[in-house]
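Presented below is the structure to which this report refers.
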Amino acid sequence: MKTSVVGYLAAIAAFLFIPVEDVFPQRMSQLIYAEDTTFSANEVRELKLRFRNLNFFRNNEYKGNLVKGYTLPGLWILPTVSYQPLRNLKVEAGAYMLRYWGGNRYPNTHYINLPGYDNEYTQSAFHAVPFFRVHYAPLPGMALVLGNIYGQNNHSLIEPLYNKELAMTADPEAGVQFLWNTRHFNLDMWINWESFIFQGDDKQEEFTYGISSRIKTANEYLDEGNVHFYVPLQLLFKHQGGEINTSAAIRGVKTWLNAAAGFGFDIKMPFRNFSKLNFEADAAYYAQQKGEAFPFDKGFGIYGKLGADMRNFRLNAGYWQCHNFVSLMGDPLFGAVSMAYSGQTYKNPKTVYLSLEYSHKIGKGFALGVHADVYNTFAGDTKNIVSLEDGTSEITFTRVPNSISFLAGVYLRTDFSFLIKRF
15 MKTSVVGYLA AIAAFLFIPV EDVFPQRMSQ LIYAEDTTFS ANEVRELKLR
65 FRNLNFFRNN EYKGNLVKGY TLPGLWILPT VSYQPLRNLK VEAGAYMLRY
115 WGGNRYPNTH YINLPGYDNE YTQSAFHAVP FFRVHYAPLP GMALVLGNIY
165 GQNNHSLIEP LYNKELAMTA DPEAGVQFLW NTRHFNLDMW INWESFIFQG
215 DDKQEEFTYG ISSRIKTANE YLDEGNVHFY VPLQLLFKHQ GGEINTSAAI
265 RGVKTWLNAA AGFGFDIKMP FRNFSKLNFE ADAAYYAQQK GEAFPFDKGF
315 GIYGKLGADM RNFRLNAGYW QCHNFVSLMG DPLFGAVSMA YSGQTYKNPK
365 TVYLSLEYSH KIGKGFALGV HADVYNTFAG DTKNIVSLED GTSEITFTRV
415 PNSISFLAGV YLRTDFSFLI KRF
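Under our numbering, the first residue of the sequence shown is numbered 15, with each subsequent residue one higher.
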C-alpha cells in the first residue's frame, strides 16, 4: 500500500478541527486500549449482561528492514454475563470473538513475533475463545483475579516492552493476577498461561510472568500538587518448555527476560487547553537465559519520551537506542533483530518518533480514538547470516539507509451493561 505523506499531514490537520469537551480528558490509552478494573460493592446479587467491543482500522506502513508493513481492519466483541454474590466477589463468563475483514481462517494463537508459536489454522469466520473471570477484592485497593485477567495494555508497560497493537491481535490473557493500589504504590503481578500441554503432547508449554509497578509521590490525578514524580519498575519473563511433551519435535527449554526501570514526572499545567506535561526516561534490559532462538544473549536500551495533554489531544515524542536488544512483545522497531529478513541484525539501532492522538468519550460506554505516528529509524549497519545450499552460512555486512515509517488508526470502543435481575 503506497503511503502519501501529504495524506497523513492532512489527517493530522483535520484532527485539529474536531470538537472537544471542557472536562479534564482521559488519554487514549485509558479510553481505547485499557479495561476498567473498578469493583463496585453496590452491585451485590445483581445479574448483568455486559457487552465490550473494539472496532479498529490500523495501517502500519513500516519501512526499512526491521519489519514489513501490514493493515489490521476488523473488530472484536466480548459479550459476558456477570454475577456478584458478595460485596467483594464477582464472577463473569462469556466469549471473546475476533474477526478481520476479509479473513476467513484463523490461527489458534495470537499474532506474535516469538519463535515456537503454533500457527495452525483451526477456526473459521471468527477466532473465538471462552472467557471466564473471578475477581476477589479482600481489602480496599487489593484484588486477586483468576481466569481471564486484566491484561494487555492494563499492565501499563513501556512501548519497547509491549506493543499496544496486541489489543487487536492477542487473545485475552488468562491465568492469575494480583493487583495492589495504594496512595504511593501500584503493583500488577500476573502469570498469563498461553499454551497448556497434555502427556505426550507435540508442542511446548508456554507462559509469561510479569510485574509492573510504580512508586509515586502523589495520586494519579495530581489533585494534591502540580508535580507528580514516579518510579516505574517492569519485568516480563517468557518461558517455553515442558517435561511431559515427549512427542514434541523441539523440547529444548527457552526462557527470555525483558525488564525496565526509570523515573518520570507529570506536571499539572495552569492552562485551560494544556492540562498536563509528562516526561519519562527508562533503561531496558534483555536476556536470553536458556535456548538459542535469538542471536543475542544479552542486550540493553535507553528510552525517553515526552507527552503533552491538550484537552482531547495528546502529543507524544520519543527516542530509543539499543544494543543487542530483543523486544519480546513490543513493536519490532524497538529491537535489533529484523523480523522481515531472517538472519539480519542491527548494530546499535536508533529511532525517534512523533505521535498525535485524539480521544473522545462520545457518551457513557462509547469512545472514539484516532492517532497518526511517524517513526524515523536512523541509518545503520546490519549483520546478515545467509544459509547456503551446501549447508554452510555466509556472513555479510550492509549499510541500511534512514527509513521513515507511518502508523495510523481509528478506533471505536464500546463497553456497557444491562441489569437482568437483582436477587
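Glycine residues also receive a C-beta, built at the ideal position from the N, C-alpha and C atoms. Nothing here was measured: the structure is a model prediction, and the numbers come from that model.
Residue from the options with nearest C-alpha to residue i
i	options	result
Ala-331	Leu-158, Glu-173 and Gly-305	Glu-173
Met-3	Asp-395, Cys-336, Thr-269 and Gly-165	Lying outside 15 to 437, the shown extent of the chain, residue 3 is not represented and no answer is given.
Thr-391	Gly-278, Phe-293, Pro-346 and Ile-46	Pro-346
Pro-93	Ile-211, Leu-68 and Pro-284	Leu-68
His-253	Asn-292, Phe-293, Ala-301 and Phe-279	Ala-301
Tyr-355	Ala-273, Lys-82 and Gly-321	Lys-82
Val-143	Val-241, Glu-187, Ala-48 and Glu-179	Glu-187
Phe-279	Ile-264, Arg-286 and Asp-296	Asp-296
Tyr-110	Val-95, His-141 and Asn-118	His-141
Phe-314	Asn-362, Arg-72 and Leu-89	Asn-362
Trp-115	Arg-41, Leu-89 and Met-353	Leu-89
Arg-66	Phe-437, Arg-436 and Phe-432	Phe-432
Val-95	Arg-147, Phe-212 and Gln-303	Arg-147
Asp-185	Ile-91, Leu-247, Asn-73 and Ile-281	Ile-91
Phe-53	Tyr-97, Leu-86 and Pro-87	Tyr-97
Val-241	Phe-308, Phe-70 and Lys-282	Lys-282
Tyr-317	Ile-211, Gly-349 and Glu-306	Gly-349
Asn-416	Phe-288, Gly-117 and Gly-394	Gly-394
Asn-5	Met-182, Arg-328 and Arg-265	Past the boundaries of the shown model lies residue 5; the chain is included only from 15 to 437, so the question cannot be answered.
Ala-307	Ile-376, Pro-152, Met-353 and Ser-170	Met-353
Arg-41	Ser-170, Pro-152, Pro-121 and Gly-256	Ser-170
Contacting residues, own chain, Cβ-Cβ under 8 angstroms from residue i (five flanking each side not counted)
i	result
Gly-214	Ile-258, Asn-259, Thr-260 and Ser-261
Val-190	Leu-158, Val-159, Leu-160, Ile-163, Trp-204 and Ile-205
Val-37	Low confidence applies here, because Val-37 scores a pLDDT of 39, under 50, leaving its location unreliable; read the following figure in that light. No residues qualify anywhere along the chain.
Gln-303	Thr-269, Trp-270 and Leu-271
Asp-50	Asp-429
Asp-216	Asn-259, Ser-261, Ala-262 and Ala-263
Integer Cβ distance of residue i from residue j, believed to fall under 8 angstroms
i	j	result
Ser-227	Asn-195	At roughly 10 angstroms, the Cβ-Cβ gap does not stay under 8 angstroms, so Ser-227 and Asn-195 are not in contact.
Phe-310	Val-340	6 angstroms
His-374	Asn-326	5 angstroms
Ile-434	Leu-63	6 angstroms
Tyr-223	Thr-231	Actually they are not in contact, since the Cβ atoms of Tyr-223 and Thr-231 sit about 28 angstroms apart, beyond 8 angstroms.
Same chain, Cβ closer than 6 angstroms to residue i, neighbours up to 5 away in sequence not counted
i	result
Thr-396	Gln-358, Tyr-360, Thr-412 and Val-414
Ile-409	Ile-399
Ala-273	Leu-249 and Tyr-299
Arg-427	Ile-46, Leu-68 and Ala-381
Glu-220	Glu-208, Ser-209 and Gln-254
Phe-251	Tyr-223 and Leu-271
Thr-85	Asn-73
Outcome for residue i when other beta-carbon atoms lying within 10 angstroms are tallied against a minimum of 16
i	result
Trp-270	buried
Ser-138	exposed
Val-400	exposed
Trp-7	Residue 7 is absent from the model: the chain starts at 15 and stops at 437.
Pro-154	exposed
Asn-79	buried
Ala-24	Because Ala-24 sits at a pLDDT of 45, beneath the cut-off of 50, its placement in the model cannot be relied upon, and the point is left open.
Glu-106	buried
Lys-378	exposed
Arg-119	exposed
His-198	exposed
Pro-129	Any reading at Pro-129 must be qualified, since the residue scores a pLDDT of 46, below 50, and its modelled position is unreliable; no value is offered.
Ala-422	buried
Leu-402	exposed
Pro-246	buried
Gly-383	buried
Leu-175	buried
Glu-35	Annotation note: pLDDT 40 at Glu-35 (below 50); position unreliable, no value reported.
Phe-145	buried
Ala-48	buried
Asn-56	exposed
Thr-406	exposed
Beta-carbon proximity list for residue i, same chain, < 7 angstroms, skipping 5 on both sides
i	result
Tyr-76	Lys-82, Gly-83 and Ser-419
Ser-43	Asn-167
Val-388	Tyr-367, Leu-368, Ile-418 and Phe-420
Phe-71	Pro-87, Gly-423 and Val-424
Arg-458	The chain is shown from 15 up to 437; residue 458 falls before or after that span and cannot be answered.
Gly-344	Glu-173, Pro-174, Leu-175, Tyr-176 and Asn-177
Leu-342	Leu-128, Leu-250, Lys-252, Trp-270 and Asn-272
His-149	Phe-53, Lys-104, Ala-157 and Val-159
Taking contact to mean 3 or more Cβ pairs, one atom from each stretch, closer than 8 angstroms, check whether the stretch 357-375 and the stretch 101-113 are in contact. Taking 8 angstroms as the limit for Cβ pairs, the verdict is that the stretch 101-113 does not touch the stretch 357-375.
Report yes or no: do the stretch 313-322 and the stretch 290-301 share at least 3 C-beta pairs separated by less than 8 angstroms? yes
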